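Asks: Residue numbers (my numbering): 873 to 996. Quick one: structure below, then a few questions.
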């Protein structure tokens, strides 16, 4: 038979966490209903993301160039993510690390030049 009294502090912690999170979530809702006025109107229910109503179906297809720009952004964002740890550890990697990173940056530069030449960065 297992002694379940050791789990009592964990149970108390979980109950307190659930109660505190419920208070944090539901207290502002209750206060808003008690103090505020709930009068929906056409202006309150209108689109607010971009400031004007949608002019076409939201499920329409995007142009392929949008995805190309997104992929290029991810590639060069990852490049920046690789540059910071490389710069910090350059004293440990020495010339081999420097040469490897220059080859990596050269490959990225060639890829950028190729995408630029193909017109992947042109937006009409």
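Note that beta-carbon positions come from the ideal geometry of N, C-alpha and C, so glycine has one too. Owing to the predicted nature of the structure, the values given are computational and were not obtained by experimental measurement.
(1) Assuming residue 987 and residue 993 make a contact with CB atoms under 8 Å, what is their CB distance in whole Å?
(2) Rounded to whole angstroms, what is the Cα-Cα separation between residue 899 and residue 915?
(3) Among 980, 881, 906, 874, which has the Cα closest to the Cα of residue 945?
(4) With H, G and I counted as helix, E and B as strand and the rest as coil, what does DSSP make of residue 934?
(5) Indicate the three-state DSSP secondary structure (helix, strand or coil) for residue 961 in the structure shown.
Replies: With the given structure in hand:
(1) Between residue 987 and residue 993, the beta carbon gap of about 6 Å places them in contact (Cβ cut-off 8 Å).
(2) Between residue 899 and residue 915, the C-alpha separation is close to 27 Å.
(3) Taking residue 945 as reference, the option from 980, 881, 906, 874 with the minimal CA-CA separation is 980.
(4) It is coil, neither helix nor strand.
(5) It is coil, neither helix nor strand.
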